[in-house]
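Accompanying notes for the structure given below.
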Amino acid sequence: LAKTTQPISMDSYEGQEVNITCSHNNIATNDYITWYQQFPSQGPRFIIQGYKTKVTNEVASLFIPADRKSSTLSLPRVSLSDTAVYYCLVGPPPQAAGNKLTFGGGTRVLVKP
Amino acid sequence: DAGVTQSPTHLIKTRGQQVTLRCSPKSGHDTVSWYQQALGQGPQFIFQYYEEEERQRGNFPDRFSGHQFPNYSSELNVNALLLGDSALYLCASHDRGRNQPQHFGDGTRLSIL
C-alpha cells in the first residue's frame, strides 16, 4: 500500500480555513484517497474520499492534483470542536480484495479560540 | 439506524488471561475488520472477516483470533495477554459490494495489569 506523509501537528484559530496536505508519491492506479477524523477515545470518523480532481461534501473539500501524488484536505471555518487527529489513507476501494486500511500517525489539529 | 457497536467499552485484565471483544456491524454491512490502536498512534490492521472467514490478516501473532457469525457480527479473541496488548481495539464494517468507506465503532479500551 502507498505510504503517506502528513504534518505531525497544526494550529489554527476559530473561523479560519485549515488545509492539511498529504503526500503519497507511490499511489497506485486503483488507489483511492480517504480522510478520517478521530477524537480522543472514539473511533475514526469518515470525512471524505476521492480519486481525482476535487470532491466536496458538507464538512470538507478534497483537492487532488492530476498526478495524484498528493492531496489536500480543506476544512472551512473551523470551530473548537474540529480539534482532532486527521488521518490521510491511500488504498484500494472498499469493495476490492485486500482493502485493509493503513493508518499513519495522522495530523493533530488544534483549533484555538 | 445504529452504527457499529462494540462491547464492552472498557475492560481490565491481567497478564496471561484471555479476552473476547464483540462487534455488531452497521446495518447492511457484511464485512468486519479489527484494528488495534496504541496510545498516540494510528490504528493498525489486525484482520478482516467476510462470509464468516478470515480474508486478510495483518502482522499480529496467532494469539489474536476472530470469528464472524451468520448475522455478520464478529468477535476478537486474544489469548495469553501481554502488557503490550493494552490498547483501544476498534471494529470497522462496510458493505463489500459497494464502494463506500469503512465505518468505525468507538472501540473497546483494554488495559492489561
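As given, the protein sequences belong to chains U and E, one line each in that order. Sequential numbering from 3 applies to the first sequence in our numbering. Sequential numbering from 400 applies to the second sequence in our numbering. Note that CB positions come from ideal geometry on N, CA and C, so glycine has one too.
Quick check: what's the CA-CA separation for residue i versus residue j?
| i | j | result |
| --- | --- | --- |
| U/Phe105 | E/Ser472 | 24 Å |
| U/Pro94 | U/Tyr34 | 6 Å |
| E/Gly402 | U/Ile29 | 30 Å |
| E/Gln443 | U/Arg79 | 31 Å |
| U/Ser83 | U/Met12 | 15 Å |
| U/Ser76 | U/Ala62 | 6 Å |
| E/Tyr449 | E/Leu410 | 26 Å |
| E/Asn476 | U/Gly108 | 28 Å |
| U/Ala86 | E/His502 | 17 Å |
| E/Gln467 | U/Gln18 | 45 Å |
| E/Gln405 | E/Val431 | 12 Å |
| U/Asn21 | U/Glu60 | 16 Å |
| E/Gly415 | E/Ala491 | 27 Å |
| U/Phe65 | E/Leu420 | 38 Å |
Could you tell me whether the Cβ atoms of residue i and residue j are closer together than 9 Å?
| i | j | result |
| --- | --- | --- |
| E/Cys422 | E/Gly496 | no |
| E/Tyr434 | E/Leu489 | yes |
| U/Thr55 | U/Thr23 | no |
| E/Pro500 | U/Thr36 | yes |
| E/Val418 | E/Lys412 | yes |
| E/Gln447 | E/Gln436 | no |
| U/Asn101 | U/Lys71 | no |
| U/Gly45 | E/Gly439 | no |
| U/Val113 | U/Tyr38 | no |
| E/Ile445 | E/Gly427 | no |
Please name the residue or residues paired with residue i in a DSSP beta bridge.
| i | result |
| --- | --- |
| E/His493 | E/Thr430 |
| U/Glu60 | None, per the DSSP bridge assignment. |
| U/Gly108 | U/Gly108 is not bridged to any residue. |
| E/Val418 | E/Val477 |
| E/Glu453 | E/Tyr448 |
| U/Asn21 | U/Ser76 |
| E/Tyr488 | E/Gln435, E/Thr507 |
| U/Tyr2 | The requested residue 2 of chain U is not part of the displayed model; chain U covers only 3 to 115. |
| E/Gln405 | E/Cys422 |
Measuring alpha carbon to alpha carbon, tell me which residue in the options is nearest residue i.
| i | options | result |
| --- | --- | --- |
| U/Lys5 | U/Pro46, U/Ser25, U/Val20 | U/Ser25 |
| U/Gln8 | E/Glu453, E/Gly441, E/Pro500 | E/Gly441 |
| E/Glu452 | E/Gly465, E/Thr408, E/His493 | E/Gly465 |
| E/Gly483 | E/Gly427, E/Thr408, E/Ser510 | E/Ser510 |
| U/Ala68 | U/Gly52, U/Arg110, U/Phe41 | U/Gly52 |
| E/Phe459 | E/Asn478, E/Pro469, E/Asn470 | E/Asn478 |
| U/Val111 | U/Leu103, U/Ser81, U/Val92, U/Leu91 | U/Ser81 |
| E/Leu487 | E/Glu474, E/Arg508, E/Asp461, E/Phe463 | E/Arg508 |
| E/Asn470 | E/Phe463, E/Pro407, E/Asp429, E/Asp494 | E/Asp429 |
| E/Pro407 | E/Asp461, E/Leu512, E/Glu474, E/His493 | E/Glu474 |
Which bits of chain E does residue i rub up against, with CB to CB less than 8 Å?
| i | result |
| --- | --- |
| U/Gln44 | Asp505, Gly506 |
| U/Gln51 | Pro500 |
| U/Gly108 | Gly441 |
Applying a beta-carbon distance threshold of less than 7 Å, which residues of chain E neighbour residue i?
| i | result |
| --- | --- |
| U/Tyr118 | Chain U is shown from 3 up to 115; residue 118 of chain U falls before or after that span and cannot be answered. |
| U/Thr36 | Pro500 |
Which residues in chain U have a C-beta closer than 9 Å to the C-beta of residue i? List them in chain order.
| i | result |
| --- | --- |
| E/Phe444 | Lys102, Leu103, Thr104, Phe105 |
Would the C-beta of residue i count as close to the ligand FAD, meaning under 8 Å from any of its heavy atoms?
| i | result |
| --- | --- |
| U/Lys5 | Absent from the structure shown: the ligand FAD. Ligands present: none. |
Going along chain U, which residues have a C-beta under 8 Å from residue i?
| i | result |
| --- | --- |
| E/Leu489 | Gly45, Pro46 |
| E/Ser432 | Lys102, Leu103 |
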